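For the protein sequence lines, the chains are A and B, in the order given. When you line the first sequence up against the working numbering, it's residues 1 to 500, in that order. When you line the second sequence up against the working numbering, it's residues 1001 to 1422, in that order. Even for Gly, the Cβ is constructed at its ideal location relative to N, Cα and C. Nothing here was measured: the structure is a model prediction, and the numbers come from that model.
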Amino acid sequence: MKTICLYFEIHQITHLKRYRFFDIGTDHYYYDDYENERTICDIAERSYMPALNAIGEMIRDNGQMFKVAFSLSGVGMEQLEMHAPQVLEKLQELNNTGCVEFLAEPYSHGLSSLANEETFALDVKKQCQKIEEYFGKRPTVLRNSSLIYSDDIGAQAAAMGFKGMLTEGAKHVLGWKSPHYVYHCAMAPNLKLLLRDVELSDDISLRFNNSDWEGYPLFADSYIDRIARFPEEEQIINIFMELSALGIAQPLSSNILEFIKALPACAKDKGITFSTPTEICMKVKSVGALDVPDTLSWVDEERDVSSWLGNAMQREAFNKLYSVADRLRIADDPGINQDWDYLQASNNFRFMTTKPSNVGLDRGIYSGPFDAFTNYMNILGDFINRVNALYPAEIDNEELNALLTTIRNQGDEIVYKDKEIARLHTLLAKYEDRSEKPAAKPAAKKASAKKPAAKTTAKKTSAAKTASAKKPAAKTTAKKTSAAKTASAKKPATKTTSKK
Amino acid sequence: MKVLMFGWEYPPHVYGGLATANYGISQGLHAQGDMDITLCLPRPFGDEDRSACNIVAMNAVPIAWRDVNRDYVSQRVGNIMDPDLYYRFRDHLYADFNYMHVNDLGAMEFAGGYPGNLHEEINNYSIIAGVVARTLDYDIIHAHDWLTYPAGIHAKQVSGKPLCIHVHATDFDRSRGKVNPTVYSIEKNGMDQADCIMCVSELTRQTVINQYHQDPRKCFTVHNAVYPLPQEYDAIPRPDHTGRDKVVTFLGRITMQKGPEYFVEAANMVIQRTRHVRFCMAGSGDMMDAMIQLAAERGIADRFHFPGFMRGKQVYECLKDSDVYVMPSVSEPFGISPLEAMQCGTPTIISKQSGCAEILDNCIKVDYWDIHALADAIYSICANDSLFNYLKEEGKKEVDQITWEKVGAWIRTLYLRTLGWE
């Protein structure tokens, strides 16, 4: 029995504002609030809401038969939270029907999978957490930004515990093979691969309203007929697209929603079902490994990463951005992490492409690739300055990591000790209660609150002991580093101590 | 196909951009194979390249009858014109012009270039054109720029052959809208009489349509091109500025039309933020003193240099020594100089108000008044090697594809359409 796997991407970037090089070092806010609000509201109104309403109706009308999957980028969700929360509410409502699956993807919609494994893992983890918060279920299937995939990325996804991954059914990878089967990653046999049917997907997302196209007008029954006519063994039809294809790329006036709504009924007639990616990954066995040594994506004719990293400027921007990835992960500064998410979004690199493309590219405020590059590099210049200013440059990543780990461990230790002190105090209080000495209790409590860094052994609290307890904490770091560095390391160390 | 072409200047005696364009167009047309071009010039020197066209020296064409023998003619004007042609012209006098300042050959002298009595010379040129037009055989007339429009009209009236005029610039570009009425009337009259108007850019075409009220159906855009760099210039090495001061160059007439003040202001913004950039404003013009003063007022004179007027090889040495070439023209009908900079491998920033912006992709385009964008672009090229290298390589590749042969083919098509032969 054939089954259709319908999947929609929901992603909008945080638009960068016009940022001149004079602003470097003086202005640390990089975003165009007006443009962000305008685009997201416009898209929500013209595309997301009508499309999701239509999908809601389809689920209602077809019972449990119609199923659909979404993936939301973290930055896109932030935009929706701020300017169009009704979209998220609607998604939650759809989630309650049980016919909807949410997939994992990098929070930033960035290209970290091509640059830095740990950053990528964190990026995905962050999005998974957010999805779980909203929809109560941790995603089990991953789709990378713009369906970017290679064997290495597949292996990493498997290591991260994903059951399956979505990617492009690109001709140059498949060759004579059909995308209508489940494959598995060549380097990780447990990771199933669902491949997008390029033609069927693009018929809807790119050509539906094109009256010059020979398939125009496209009707649901003939569309489903085409699927039904595939050989009996070809059972998995993956139709992936951006949700904004319904309403923006193909205007609502083209009746695209009526087309989508008619799909389940037509499919039912032909005995075709709908499935979510997880269902397919659980039920269907892989027919073989798929070798993807070179990275592929769902963009442009080449289906590779050339629209983001095709020219030297894009590569310079990319390399500069990810050159601070490790530092950033170690430093883990909330403000900087937020900018990091927004700057990573692959769209920023797409604006710099110099490739001719048959799909129209809206460059937003930029008049051309050079303009986009200049603006991005200015912002990146400021951002990297800020990252470098977090900690002295002469401490390299490894050393910094060691220092910060020590500080964190000490923090943990202190928390643990605090608890221990509190426990022992209550214990002590109980004993004292028993020995009928209530007067001593409040005095002991007060003293303990003052001396947080005291050791477990410090049952008897005295001012002299607290001071000495602080020293060994700093000493551990001092062992590893030279005297000059210890000074800088001590500062945060003592800070954490004083906070607790 | 025989073309009677009216020009004003021609290499190697260059006064402005018109000479280069005229040379390119004749060469491009000649490359089509079936073109027979006769080019009339007011005052040729005899050392012009005659491979593409026959040059008629207008200062040796008689307009009054003189009984002179062949040897004398040969001795007087033999270096610029065939004596037989002199006698052919003398057989086609159409009025008695003895009241004018004619010389011993019955011809009129030209100062050449753009002298003070330009309007008088334009008039004389058109009188002589009457003789030429009656003598020679041709299918179509092609007049370059407003100086030769009256001659073109005269030739058209005499022969009834179609007139094409080539608009290299209009007075609207030169004067920022405050036109000289005499020039405007000559331009307008030429356009009214023309059967086909070739404009060097869409920008110019729109000016012709809107300011001169011409029928859009007879206005066509014929973009200019550029000749490959001669070996001698191509071989000039590009100095490596890595780790040293970058050089940003403005090269052209320092006049209102070219927007030099925007360059100074942008330079000021860049210098305030970064010290490793120097600016160079090459050329001369009526606003030069004002610009020197402006640079001094801004306090950037130590990093802002005025090397003066450059010619020949100096131009290319200067371009090759630059990391950025800037042309912030307020209104530029076409502007060949950015193309030359790109040939030298110098990344180029041009104003969106330049005609060449229509055909160039691998350069940065900004509004001439947007000094922030201009400064940002300059800084970006100086600070990011990838952008510099990309513009350097792709710019050169792009400009190598823009050839006069392609322009010639397009003009030939327009001739055929005008003649109704196609």
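Proximity of residue i and residue j at Cβ, strictly below 7 angstroms
i	j	result
residue 1282 of chain B	residue 1310 of chain B	yes
residue 84 of chain A	residue 44 of chain A	yes
residue 100 of chain A	residue 124 of chain A	no
residue 1360 of chain B	residue 1366 of chain B	no
residue 1197 of chain B	residue 1165 of chain B	yes
residue 272 of chain A	residue 2 of chain A	yes
residue 1246 of chain B	residue 1277 of chain B	yes
residue 1022 of chain B	residue 1033 of chain B	no
residue 158 of chain A	residue 190 of chain A	yes
residue 164 of chain A	residue 127 of chain A	no
residue 144 of chain A	residue 325 of chain A	no
residue 345 of chain A	residue 175 of chain A	no
residue 205 of chain A	residue 241 of chain A	yes
residue 1338 of chain B	residue 1324 of chain B	no
residue 1073 of chain B	residue 1094 of chain B	no
residue 1129 of chain B	residue 1151 of chain B	yes
residue 1159 of chain B	residue 1334 of chain B	no
residue 79 of chain A	residue 131 of chain A	no
Residue i in three-state terms, based on DSSP
i	result
residue 503 of chain A	A question about residue 503 of chain A goes unanswered here, because the residues of chain A that appear run from 1 up to 500.
residue 1249 of chain B	strand
residue 336 of chain A	helix
residue 118 of chain A	helix
residue 456 of chain A	Residue confidence is low: residue 456 of chain A scores 46 on pLDDT, short of 50, so the model does not pin down where it sits. Its coordinate-derived value is still stated next. Residue state, collapsed to three classes: coil.
residue 101 of chain A	strand
residue 357 of chain A	coil
residue 1012 of chain B	coil
residue 1192 of chain B	helix
residue 273 of chain A	strand
residue 3 of chain A	strand
residue 188 of chain A	coil
residue 412 of chain A	helix
residue 1356 of chain B	helix
residue 1036 of chain B	strand
residue 1351 of chain B	strand
residue 41 of chain A	helix
residue 35 of chain A	helix
residue 1402 of chain B	coil
residue 1336 of chain B	coil
residue 25 of chain A	coil
Spatial neighbours of residue i in its chain, beta-carbon cut-off 7 angstroms, leaving aside the 5 residues before and after
i	result
residue 1287 of chain B	1254, 1255, 1256 and 1260
residue 1027 of chain B	1052 and 1404
residue 243 of chain A	8, 9, 10, 47, 48 and 51
residue 1188 of chain B	1212
residue 224 of chain A	263, 266, 267, 270 and 272
residue 1295 of chain B	1264, 1301 and 1304
Interface residues of chain E facing residue i [CB-CB closer than 7 angstroms]
i	result
residue 1212 of chain B	Note that chain E does not occur in the displayed structure, where the protein chains are A and B.
Contacting residues, own chain, Cβ-Cβ under 6 angstroms from residue i (five flanking each side not counted)
i	result
residue 228 of chain A	270
residue 1092 of chain B	1131, 1134 and 1135
residue 198 of chain A	169
residue 1097 of chain B	1063 and 1064
8 angstroms Cβ shell around residue i - same chain, five flanking residues per side excluded
i	result
residue 210 of chain A	216
residue 25 of chain A	382 and 385
residue 1041 of chain B	1007, 1008, 1009, 1010, 1048, 1055, 1056, 1057 and 1058
**Q.** Minimum length 4: unbroken alpha helix (DSSP H) runs contained in the region 194-228 of chain A
**A.** Contiguous alpha helix (DSSP H) elements confined to the region 194-228 of chain A occur at 198-205 and 220-228, taking only those with 4 or more residues.
Enumerated in chain order, which unbroken segments of the beta strand (DSSP E) with a length of 3 residues or greater are wholly contained in the region 230-277 of chain A?
Counting only runs of 3+ residues, the beta strand (DSSP E) found wholly inside the region 230-277 of chain A occupies 236-242 and 273-275, in chain order.
Residues from the region 1388-1405 of chain B in contact with chain A, defined by Cβ distance under 8 angstroms: Answer in chain order: 1389, 1390, 1391 and 1394.
Check your understanding: Hey, which unbroken runs of the alpha helix (DSSP H) at 4 residues or more fall wholly within the region 1053-1122 of chain B?
Key -> Listed in chain order, the complete alpha helix (DSSP H) runs (minimum 4 residues) inside the region 1053-1122 of chain B are 1070-1077 and 1083-1090.
**Request:** Would you list, in chain order, the members of the region 1282-1300 of chain B that have their beta-carbon closer than 9 angstroms to a beta-carbon of chain A?
**Result:** Result list empty, no residue passes.
Short of 9 angstroms Cβ to Cβ, which residues in the region 285-313 of chain A face chain B?
Sequence-ordered contacts of the region 285-313 of chain A with chain B read 311, 312 and 313 [C-beta pairs closer than 9 angstroms].
Where the region 1253-1278 of chain B meets chain A: residues whose CB sits under 7 angstroms from a CB there:
For the region 1253-1278 of chain B, which is checked against every Cβ of chain A, the residues closer than 7 angstroms are 1269 and 1273.
What are the residues in the region 1355-1373 of chain B lying within 9 angstroms of chain A by C-beta distance? Residues passing the 9 angstroms Cβ filter: 1361, 1362, 1363, 1364, 1365, 1366, 1372 and 1373.
*asked:* Output needed in chain order: residues of the region 1374-1385 of chain B with a Cβ under 8 angstroms from some Cβ in chain A.
replied: Within the region 1374-1385 of chain B, the residues whose Cβ lies closer than 8 angstroms to any Cβ of chain A are, in chain order, 1375, 1376, 1377, 1379, 1380, 1383, 1384 and 1385.
Check your understanding: Taking a cut of 7 angstroms between CB atoms, which residues from the region 316-347 of chain A lie near chain B?
Key -> Within the region 316-347 of chain A, the qualifying residues are 316.
Report task. Report the residues of the region 150-173 of chain A with a CB closer than 7 angstroms to any CB of chain B, ordered along the chain. Result -> The residues in question: there are none.
Just list the beta strand (DSSP E) runs in the region 1260-1327 of chain B, keeping only unbroken ones of 3 residues or longer that don't cross its boundaries, in chain order. Residue ranges of uninterrupted beta strand (DSSP E) with 3 or more members, entirely inside the region 1260-1327 of chain B and ordered along the chain, are 1277-1282, 1304-1308 and 1324-1327.
Fill in: Ranges of the alpha helix (DSSP H) found wholly within the region 1111-1181 of chain B, counting only runs of at least 4
Those alpha helix (DSSP H) runs which fall completely within the region 1111-1181 of chain B and span 4+ residues are 1118-1135, 1149-1159 and 1171-1175.
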